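Novice: My numbering puts the first residue of the sequence shown at 319, with every later residue one more than the last.
Just so you know, even glycine gets a beta-carbon here, dropped at the ideal spot from N, CA and C.
The model shown is predicted, which means the values in this text are computed figures rather than measured ones.
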Amino acid sequence: MPLQRRPEDRVGLLISFEGVDGSGKTTQARRLAEALRQAGWPVVLTREPGGTSLGEQFRRILLQPPPPPATGPAPLTELLLYLADRAQHWQEVVEPALRSRQMVVSDRFIDSTLAYQGVARGFGIETLIEVHQKLGLLRWPDCTVLLDVDPRLGLQRKRRQAQTATSLAEWSRFEREDAAFHQAVAEGYRRLAEMFPDRIVVVPADADPDTVFQRVQAALRQKFPWLLP
319 MPLQRRPEDR VGLLISFEGV DGSGKTTQAR RLAEALRQAG WPVVLTREPG
369 GTSLGEQFRR ILLQPPPPPA TGPAPLTELL LYLADRAQHW QEVVEPALRS
419 RQMVVSDRFI DSTLAYQGVA RGFGIETLIE VHQKLGLLRW PDCTVLLDVD
469 PRLGLQRKRR QAQTATSLAE WSRFEREDAA FHQAVAEGYR RLAEMFPDRI
519 VVVPADADPD TVFQRVQAAL RQKFPWLLP
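Have a look at this one:
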């Protein structure tokens, strides 16, 4: 059922965007933030990893391919860096914004860790939920928009965006992973959507950005009828 309560009855809303690489999360998160501002809501647009000065340093370590012969963070190191990033992000950006009744739109949040590290890296979804809980980091978005697209199409989009050899050389560590890794991430997201159907809305993202955004708005209007005109 749609969530009927209005924001004046509580703190702000946290809406996250999730999906495989190339699903269009960043574009759709920006468009939603702008639509919310036009509707009169105070909005914080943020991202993980990143969103804070310290988090942006974590982001560079996590996403930038290291120069040879270095191999980048080991899987456990990668996980711990994401947890550190989330702790800083929540304390410095997300929680203060929610307490001041702002709408927070985040390009990735906890579900990315559960899909990428929990499934694709093999740590396990349930294990990582327990880790978040024990560390005091188990905070779920009010709504997660999962942009559903075949990971092969997502990577094709990323490759089309990379027009030069230099751009291709700057692909993130995750974009450079093999097809099996990206399929595992997609499977992780499917499992999460099944586990949390009340929180995660699945939006087909195999169309152009305008069509996808229409779908995003329709899904959010159904869940929060008061949110968008």
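1. Count the other CB atoms, across all protein chains shown, that sit within 10 Å of the CB of Leu-456; report buried if there are 16 or more and exposed otherwise.
2. What did DSSP end up calling Pro-387 once you bin it into helix, strand or coil?
3. Can you tell me whether DSSP reads Glu-352 as helix, strand or coil?
4. Below 9 Å between beta carbons: does that hold for Glu-352 and Lys-343?
5. Could you please give the first and the last residue of the uninterrupted beta strand (DSSP E) stretch that includes Glu-336?
6. Short check: CB of Ala-347 to CB of Asp-425, under 9 Å?
7. Note the first and the last residue of the continuous alpha helix (DSSP H) segment covering Val-530.
8. As a quick exercise: from Thr-395, Arg-439, Cys-461 and Ala-388, pick the residue whose alpha carbon is nearest that of Phe-551.
9. Leaving out five residues before and five after Gln-435 in sequence, what residues of the same chain have Cβ atoms less than 8 Å from its Cβ?
10. Is the region 402–411 touching the region 369–380, taking contact as three or more C-beta pairs under 8 Å?
11. Note the first and the last residue of the continuous alpha helix (DSSP H) segment covering Leu-446.
12. Looking at C-beta atoms only, is the number of pairs between the region 463–476 and the region 515–523 that lie closer than 8 Å three or more?
13. Would Gly-390 and Arg-491 qualify as a contact pair, given that the criterion is a beta-carbon distance under 9 Å?
14. Who are the near neighbours of Arg-494 in its chain, counting only those whose CB is closer than 7 Å to its CB and skipping five residues on each side?
15. Take Glu-366 and list the residues in its own chain whose beta-carbon comes closer than 8 Å to its own, dropping the five residues that flank it on each side.
16. DSSP on Asp-429, reduced to helix/strand/coil?
17. Around the Cβ of Arg-439, are there at least 16 other Cβ atoms within 10 angstroms (buried) or fewer (exposed)?
18. If we count the other Cβ atoms within 10 Å of its Cβ and call it buried at 16 or more, is Pro-459 buried or exposed?
19. Which residue wins for smallest C-alpha separation from Leu-545, given the options Glu-505, Val-449 and Gln-420?
20. For the alpha helix (DSSP H) containing Pro-393, list its first residue and its last residue.
Specialist: Considering the structure as presented:
1. exposed
2. coil
3. helix
4. no
5. 332–336
6. yes
7. 527–541
8. Because the chain spans 319 through 547 in this model, residue 551 falls outside it and cannot be assessed.
9. Pro-393, Glu-396, Leu-397, Tyr-400, Phe-441 and Leu-446
10. yes
11. 443–452
12. yes
13. yes
14. Pro-383
15. Gly-373, Tyr-400, Asp-403, Arg-404, His-407, Ser-424, Asp-425, Arg-426, Phe-427 and Ser-430
16. helix
17. buried
18. buried
19. Gln-420
20. 393–407
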